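Residue numbers for the sequence shown follow numbering that gives the first Met the number 0, beginning at 0 and rising by one.
Each residue gets a CB set at the ideal place from its N, CA and C atoms; glycine is no exception.
This structure is a prediction, so every number in the text was calculated from the model and none was measured.
Everything below concerns the one structure shown next.
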Amino acid sequence: MSERKPIVAGNWKMHNNTVETRNLIREIVKKVKNSGEQCEIIVAPPFTSTAHAVEEAKGSIIQISAQDLFWEDKGAFTGEISGPMLKEIGCSHVVIGHSERRQYFCETDETVNKKIGASIRNRLIPIFCLGETLTEREAGATFNVLKRQLAQGLNAIEIQNPVNFVIAYEPVWAIGTGKTASPEQAQEAHAFLRKELANLRGESFAVQTRILYGGSVKPDNARELMGCPDIDGGLIGGASLKAVDFVGIIEQGTGI
Ligand code: PGA
């Protein structure tokens with residue numbers, strides 16, 4: 000682990016109603032020993048539970064993220080949720096460009112770019128997800144895909160402070176499949192992303208940016224993954240739905 004403060008974030012996806020949300024947050028708060036100095040902890044519940052999560056997490060070290068946002072701040076966009084709305088209820092972060100959004104909801108590098116712009120404009124910290132599919136990996140296209148996703152996602156967006164910007168590398172073939180990237184595969188991708196980020200934004204920006212790994216992270220593989228020099232924490236799906244596993248990942252991954 001580097002001198003960058005690690006982040007462990009739970010992406011709950013479409014799980015947990017308001018009651019389940021409050022219960023799970025209460026359980027995590029009770030179990031977690033971390034005082035917030037060594038590691039940031041973030042939870043991303045579904046939209047209807049978000050305000051409840053903010054309320055339940057108040058006074059604890061847990062920060063609340065949304066799972067998506069729309070790129071306009073208001074208007075005739077039925078079904079959408081804007082940055083100011085998320086900000087108003089107390090969200091600090093927003094997940095953008097998750098592979099499930101790209102796969103099932105037609106998100107592209109261009110829409111991801113607009114959403115990152117909206118998050119920065121509204122002072123929400125984006126957790127910018129990118130990663131290659133199995134077909135792309137097998138075709139030897141991983142680095143080209145990552146390079147394109149990173150450059151297009153950040154296109155023409157000004158980010159003042161890299162502390163308020165997070166990348167999550169999530170190889171699509173490792174999400175929800177039980178297949179984890181090996182620490183070597185993950186470290187290689189993270190080092191590549193950091194080098195590309197340095198080309199785009201300068202060395203100092205790249206060195207300070209947290210790059211999380213996501214894809215079948217569990218308590219028993221968190222230590223070796225998060226122990227890699229360019230891996231600064233995890234974005235956890237399935238294993239974030241049980242307090243014991245999520246807190247296990249925090250403890251194993253960050254050594255607290
Ligand atoms: P997983 O999901 O941990 O269940 O593989 C990760 C993610 O989708 O962020």
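Asked	Found
Residues that DSSP places opposite C128 in a beta bridge	A167
Straight-line gap, V53 to G116 (C-alpha atoms, nearest Å)	23 Å
Rounded separation between E250 and Y212 - CA only	16 Å
M0, DSSP secondary structure in three states	Residue confidence for M0 is low, a pLDDT of 41 falling below 50, so the modelled location carries little weight; the figure read from the coordinates is stated next. M0 falls in the coil class under three-state DSSP.
Test item: CB-CB of G201 and V216 under 7 Å	no
7 Å Cβ shell around I158 - same chain, five flanking residues per side excluded	I119, F164
Near ligand 1: I174 beta-carbon under 6 Å from a heavy atom	yes
Start and end residues, alpha helix (DSSP H) containing E87	82 to 88
Under 7 Å between C-beta atoms of I61 and H92	no
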